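Note sheet for the following structure.
Protein chains in written order, with our numbering: chain B, 2 to 600; chain W, 469 to 780.
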């Protein structure tokens with residue numbers, strides 16, 4: 002449990018804690034991005050020079066690597082080819098600090114481009130603590146994007162946008178106003194709702210958390226441990242967090258849900274604002290939150306605009322490090338430097354980053370369209386950048402967030418149908434792997450979170466397909482009971498999915514608590530096979546979406562190859578939540594961790 | 469204070485572009501003939517730090533050679549002539565004459581400059597700024613949304629340019645608000661100016677650095693947050709750039725070409741001051757620099773670095 006209770010015990014060192022807490026130590030996976038089979042292609046006789054890059058620039062850098070490789074680059078007579086691998090910033094930081102495996106799906110990189118320079122400092126700090134030389138020393142910025150508050154335009158205008166200076170203090174006031182948007186003449190918009198990702202998983206979430214702590218102090222630099230621990234700062238942060246819809250590992254969840262609600266005719270119902278990078282607003286307003294580049298998109302009826310917090314904000318500066326690592330020989334180093342120069346130094350190539358919605362990393366290239374008022378953005382903003390806190394302060398800040406974040410009230414509903422007894426991998430059944438994942442995920446909750454455990458198959462309790470093993474209560478009371486119950490689960494019976502889902506949601510709804518994130522986690526490996534009419538989806542969806550105010554979010558986990566993804570997606574959409582997929586059962590622990598990041 | 473001259477960059481930008489392009493495109497038979505044999509000098513190459521790269525590109529075109537990057541302290545290899553501060557040259561290089569100079573100057577975003585000029589009594593000078601770092605802009609007469617006055621410097625422990633700027637800012641005393649106001653620190657003056665443009669006023673309102681580094685980004689500034697205005701402290705530290713080489717074919721001729729009267733007279737157009745005498749053809753945004761302060765001796769250098777480390 003990442004609580005104060007266990008945090009101090011688990012802390013091995015400031016930076017190790019950071020890596021455990023901050024982001025992608027558990028985020029995403031190493032994957033390749035080009036080639037027919039997903040593996041980058043290297044011409045025969047050429048040396049592969051791998052580059053590990055964070056997801057937002059994979060498409061851009063893959064294109065540019067192809068263009069660079071087409072010039073037949075040669076160093077000391079050796080032909081080279083740059084290959085691009087998608088590796089989440091935090092995960093790459095962990096691998097670089099602890100030793101990059103040579104048998105992973107991405108080879109040790111010569112070039113590393115995380116979302117923020119902070120990751121490079123983190124790696125170096127960890128290496129130095131371990132008595133090793135720093136490796137992330139030589140960098141150039143590829144592109145930049147600031148963290149902003151993305152807000153539907155009418156709501157922003159109600160706050161005085163674009164003339165007024167708006168910031169986190171205004172968000173706090175709005176979040177704590179019992180009238181909600183009524184205080185601004187729009188009671189129909191309900192309470193203020195904030196989309197903000199989990200700083201343990203997301204760079205945006207970390208940046209937003211840093212910004213709220215700074216806003217609470219009135220400082221723009223030099224945040225201290227005393228600041229982080231101060232009661233008034235805690236009250237401010239807790240107040241902002243109280244408006245959070247839910248958390249999560251990626252801002253895409255919020256943007257996807259906002260767009261779905263908009264296209265369904267409810268543009269202002271899901272979230273009043275989301276803390277995202279500026280680049281995300283451009284993609285959203287195009288109708289393409291995931292920035293797939295697809296055509297034939299439907300833009301939202303209500304666009305988002307950027308609020309650059311008046312207290313200051315944080316940039317994602319996308320550095321490209323040529324690593325001073327033992328596995329980077331002279332030829333690889335030269336090739337990596339040449340590729341970086343190719344990307345950064347040529348103004349024509351740098352102009353391409355604008356196409357992706359980023360601010361160019363070459364100062365000779367002007368910030369221009371699409372970073373423009375037409376997209377709700379202001380290229381002259383932000384006026385103040387917040388200084389990145391020292392690592393120890395950063396660690397304390399994330400610890401503090403764990404204390405101040407909005408509390409959750411969750412029922413985990415686990416499928417124990419017969420098929421869960423099938424082999425999942427490495428000699429374990431799917432249920433065995435799920436049990437491990439559920440048990441591990443309990444460490445992500447805080448003691449005050451209310452967590453319950455249900456199971457379902459068919460006829461577990463008379464005609465009922467579900468069984469309440471542990472009713473939702475503060476985890477400090479239920480944890481051992483949940484662990485014991487999980488340990489004893491066995492697989493048998495069918496998949497009474499819909500009535501179990503409805504009953505769990507009804508239970509959470511009956512005890513709905515406005516001060517908490519009210520949710521159900523639904524893990525299933527199959528599709529509903531209950532007796533008729535138990536498997537009619539539409540009535541369930543109507544039930545799930547029947548409450549606009551007291552929304553219980555349902556986060557389904559499609560587990561294994563046979564899960565019915567379309568129906569689970571519909572369940573997630575009905576409550577503006579998110580579907581998670583663990584098609585390979587061996588990934589369930591990682592996926593479940595992402596699910597629980599919503600709390 | 470004297471010899472300062474505020475200069476809006478607008479008109480200057482064109483000057484640099486045109487003159488640089490002019491120098492690059494001119495051929496020797498148009499009259500710009502270095503005092504060297506072009507064939508032999510072409511066998512040696514020029515190496516320059518990032519700050520001087522634009523100027524070196526133009527010089528190399530004149531001299532019929534190419535340019536490579538030079539990093540402080542690293543041996544550029546045989547057959548290379550380096551133009552850099554003497555302290556940045558590796559020990560194995562033979563240090564030649566001064567090739568160019570650059571005074572320390574102040575670059576301010578134009579909207580901030582207007583406020584500072586009023587606040588400081590009509591001029592922007594370091595004495596006035598020393599009491600303004602970290603202060604709220606609203607208290608200086610600016611907008612509340614600008615936050616506090618933020619300064620940018622190159623790291624004096626890494627580069628000579630950084631040390632010279634630090635001497636200008638803190639030579640007599642470390643300004644009281646610098647602990648809060650110093651918000652942009654880059655490894656060298658080229659990096660400082662790049663960061664200033666990339667992050668705009670979010671990271672720094674004012675930088676103190678070499679005139680040549682400022683000149684290299686003047687034309688880019690309007691596309692990255694606004695125009696920059698240049699002011700000069702008086703007296704001011706100057707950075708001198710020497711030629712250095714470890715020898716090799718053509719290096720003597722290349723050095724002679726760099727020091728030739730013809731090329732020296734054209735440095736002004738590239739944002740540099742000649743080794744001796746006044747610069748001509750300077751971009752309009754650049755003005756009359758302050759009288760040169762003597763370079764700090766060893767004890768003064770140590771004191772400056774101690775002050776810096778104390779601040780950090």
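For glycine and all other residues, C-beta sits at the position ideal for the given N, C-alpha and C. All values derive from a computational prediction rather than experimental measurement.
For this session: Report the neighbours of residue 368 of chain B on chain W: residues whose CB is nearer than 7 Å to its CB, in chain order.
Result: Along the first chain, one-based indexing puts residue 368 of chain B at 367. What residue 368 of chain B touches in chain W: 691, 692.
For this session: Throw me the rounded Cβ distance for the residue 492 of chain B and residue 418 of chain B pair, which I believe falls under 8 Å.
Result: Looking up residue 492 of chain B in the first chain gives position 491. Looking up residue 418 of chain B in the first chain gives position 417. Indeed, because the Cβ distance is near 7 Å, the residues count as touching under 8 Å.
Problem set entry | Terminal residues of the beta strand (DSSP E) in which residue 540 of chain B lies | The sequence position of residue 540 of chain B within the first chain is 539, counting from 1. First-last for residue 540 of chain B: 538 to 545, but that is the alpha helix (DSSP H), not the beta strand (DSSP E).
Problem set entry | Assumed close pair residue 501 of chain B, residue 467 of chain B - CB separation to whole angstroms, cut-off 8 Å | The sequence position of residue 501 of chain B within the first chain is 500, counting from 1. The sequence position of residue 467 of chain B within the first chain is 466, counting from 1. Between residue 467 of chain B and residue 501 of chain B the Cβ distance is about 4 Å, and since that is below 8 Å, they are a contact.
Exercise. Alpha carbon to alpha carbon, how far is residue 546 of chain B from residue 557 of chain B?
Worked result: Numbered from its first residue, the first chain carries residue 546 of chain B at position 545. Numbered from its first residue, the first chain carries residue 557 of chain B at position 556. Rounded to the nearest angstrom, the two C-alpha atoms are 15 Å apart.
Exercise. How long is the line joining the alpha carbons of residue 186 of chain B and residue 159 of chain B, rounded to whole angstroms?
Worked result: Along the first chain, read from residue 1 onward, the residue named residue 186 of chain B stands at position 185. Along the first chain, read from residue 1 onward, the residue named residue 159 of chain B stands at position 158. Rounded to whole angstroms, residue 186 of chain B to residue 159 of chain B spans 8 Å at the Cα level.
Exercise. Can you name, in chain order, every residue of its own chain whose Cβ lies under 7 Å from the Cβ of residue 152 of chain B, other than the five neighbours on each side?
Worked result: Here residue 152 of chain B corresponds to residue number 151 of the first chain, with the count starting at 1. Taken in chain order, the residues that qualify are 273, 274, 305, 306, 308.
For this session: Spatial neighbours of residue 570 of chain W within its chain, please: CB distance less than 7 Å, with the 5 preceding and 5 following residues excluded, ordered by chain position.
Result: Here residue 570 of chain W is taken as the residue at index 102 of the second chain, counted from 1. Counting only Cβ-Cβ distances below 7 Å, and skipping sequence neighbours, we find 678, 679, 680, 706, 707, 740, 741.
Exercise. Between residue 582 of chain B and the rest of its own chain, which residues show a CB-CB distance below 6 Å, the 5 nearest in sequence each way excluded?
Worked result: Counting from one through the first chain, the residue named residue 582 of chain B turns up at place 581. If we look at residue 582 of chain B and ignore the five residues flanking it on each side, its Cβ neighbours are 559.
Exercise. Is it the case that the CB of residue 547 of chain B approaches a heavy atom of the ligand COA more closely than 7 Å?
Worked result: This structure lacks the ligand COA; in fact it carries no ligand of any kind.
Exercise. With DSSP run on the structure shown, which of helix, strand or coil describes residue 305 of chain B?
Worked result: Within the first chain, numbered from 1, the residue matching residue 305 of chain B stands at position 304. Strand.
For this session: Scan the region 646 to 677 of chain W for residues whose Cβ lies nearer than 7 Å to a Cβ of chain B and list them as they occur along the chain.
Result: 648, 651, 662, 665, 666, 667, 669, 670, 671
Exercise. For residue 322 of chain B, which residues does DSSP report across the bridge?
Worked result: For the purposes of this step, residue 322 of chain B is taken as residue 321 along the first chain, with counting starting at 1. DSSP, once it has assigned bridges, lists B:113, B:140 as partnering residue 322 of chain B.
Exercise. To which residues does DSSP link residue 373 of chain B through a beta bridge?
Worked result: Start at 1 with the first residue of the first chain, and residue 373 of chain B comes out as number 372. Residue 373 of chain B is not bridged to any residue.
Exercise. Does residue 260 of chain B have its Cβ less than 8 Å from a Cβ in chain W?
Worked result: If you number the first chain from 1, residue 260 of chain B lands on position 259. No - not a single Cβ of chain W is within 8 Å of the one on residue 260 of chain B.
Exercise. Rounded to a whole number of angstroms, what is the C-alpha to C-alpha distance between residue 27 of chain B and residue 386 of chain B?
Worked result: Here residue 27 of chain B corresponds to residue number 26 of the first chain, with the count starting at 1. Here residue 386 of chain B corresponds to residue number 385 of the first chain, with the count starting at 1. With a pLDDT of 34 at residue 27 of chain B, under the threshold of 50, the modelled position of this residue cannot be trusted; read the value that follows with caution. Answer to the nearest angstrom: the Cα atoms are 28 Å apart.
Exercise. Listing by chain order, which chain B residues have their CB less than 7 Å from the CB of residue 615 of chain W?
Worked result: On the second chain, position 147 is the one that residue 615 of chain W refers to. Under the 7 Å cutoff, chain B gives 221, 313, 384, 385.
Exercise. Can you tell which of B:416, B:212, B:243 has the C-alpha that lies nearest to the C-alpha of residue 228 of chain B?
Worked result: What you label residue 228 of chain B is simply residue 227 of the first chain in a count that begins at 1. Looking at the Cα atoms, B:212 is the closest of the given residues.
Problem set entry | Residue burial classification, residue 595 of chain W (beta-carbon count within 10 angstroms, cutoff 16) | Working through the second chain from its first residue, we reach residue 595 of chain W at position 127. Exposed.
For this session: Express the C-alpha separation of residue 413 of chain B and residue 481 of chain B in angstroms, rounding to a whole number.
Result: In the first chain, residue 481 of chain B corresponds to position 480, counting from 1. In the first chain, residue 413 of chain B corresponds to position 412, counting from 1. Residue 481 of chain B and residue 413 of chain B: Cα-Cα distance of roughly 15 Å.
Problem set entry | Backbone CA spacing between residue 572 of chain W and residue 607 of chain W [nearest angstrom] | Position 104 of the second chain, counted from the start, is the residue given in the question as residue 572 of chain W. Position 139 of the second chain, counted from the start, is the residue given in the question as residue 607 of chain W. Rounded to the nearest angstrom, the two C-alpha atoms are 27 Å apart.
Exercise. Of all the beta strand (DSSP E) runs that stay within the bounds of the region 241 to 281 of chain B, which reach a length of 3 or more residues?
Worked result: 274 to 278
Problem set entry | Backbone CA spacing between residue 183 of chain B and residue 624 of chain W [nearest angstrom] | The sequence position of residue 183 of chain B within the first chain is 182, counting from 1. The sequence position of residue 624 of chain W within the second chain is 156, counting from 1. Cα-Cα distance, rounded: 55 Å.
For this session: State the DSSP-derived secondary structure class of residue 348 of chain B, mapped to helix, strand or coil.
Result: Numbered from 1 along the first chain, position 347 holds the residue referred to as residue 348 of chain B. In this structure, residue 348 of chain B counts as helix in the three-state DSSP scheme.
Problem set entry | Any 3 or more C-beta pairs closer than 8 Å across the region 571 to 585 of chain B and the region 547 to 556 of chain B | yes
Problem set entry | Alpha-carbon spacing of residue 415 of chain B relative to residue 568 of chain B, whole angstroms | Position 414 of the first chain, counting from 1, holds the residue named residue 415 of chain B. Position 567 of the first chain, counting from 1, holds the residue named residue 568 of chain B. Taking the straight line from one Cα to the other gives about 17 Å.
Exercise. Closest by CA to residue 518 of chain B, which one among B:313, B:526, B:509?
Worked result: By 1-based counting over the first chain, the position of residue 518 of chain B is 517. For the residues B:313, B:526, B:509, the minimum Cα distance to residue 518 of chain B belongs to B:509.
For this session: Within its chain, find whatever has a CB closer than 8 Å to the CB of residue 93 of chain B; leave out the 5 residues flanking it on each side and keep chain order.
Result: In the first chain, the residue the question calls residue 93 of chain B occupies position 92. 25, 53, 55, 110, 113, 115, 120.
Problem set entry | chain B contact residues for residue 688 of chain W, given Cβ-Cβ distances below 7 Å | Counted from its first residue, the second chain places residue 688 of chain W at position 220. Chain B residues near residue 688 of chain W: 364, 365.
Exercise. What do you get for residue 611 of chain W, buried or exposed, if any count of 16 or more other CB atoms within 10 angstroms of its CB means buried?
Worked result: By one-based count along the second chain, residue 611 of chain W stands at place 143. The residue in question, residue 611 of chain W, is exposed, as its Cβ has fewer than 16 Cβ neighbours within 10 Å.
Exercise. By how many angstroms is the C-alpha of residue 98 of chain B removed from the C-alpha of residue 325 of chain B?
Worked result: Here residue 325 of chain B corresponds to residue number 324 of the first chain, with the count starting at 1. Here residue 98 of chain B corresponds to residue number 97 of the first chain, with the count starting at 1. Their Cα atoms are separated by approximately 13 Å.
Exercise. Once you ignore the five residues that flank residue 233 of chain B on each side, which residues in its own chain have a CB closer than 8 Å to its CB?
Worked result: The residue given as residue 233 of chain B occupies position 232 in the first chain. Around residue 233 of chain B: 217.
Exercise. Quick one, are the C-beta atoms of residue 617 of chain W and residue 649 of chain W less than 8 Å apart?
Worked result: To locate residue 617 of chain W, count along the second chain from 1; it is residue 149. To locate residue 649 of chain W, count along the second chain from 1; it is residue 181. Their beta carbons are under 8 Å apart, which means residue 617 of chain W touches residue 649 of chain W by this criterion.
For this session: Show which residues of chain B have a CB atom less than 8 Å away from the CB atom of residue 685 of chain W.
Result: For this step, residue 685 of chain W is matched to residue 217 along the second chain. The answer, in chain order, is 364.
Exercise. DSSP three-state call for residue 69 of chain B: helix, strand or coil?
Worked result: As a first step, residue 69 of chain B is located in the first chain; it is residue number 68 there, counting from the start. Helix.
Problem set entry | Inter-residue Cα distance where the pair is residue 75 of chain B and residue 45 of chain B | Taking the first chain and counting its residues from 1, the one referred to as residue 75 of chain B is at position 74. Taking the first chain and counting its residues from 1, the one referred to as residue 45 of chain B is at position 44. Each residue's alpha carbon lies about 14 Å from the other.
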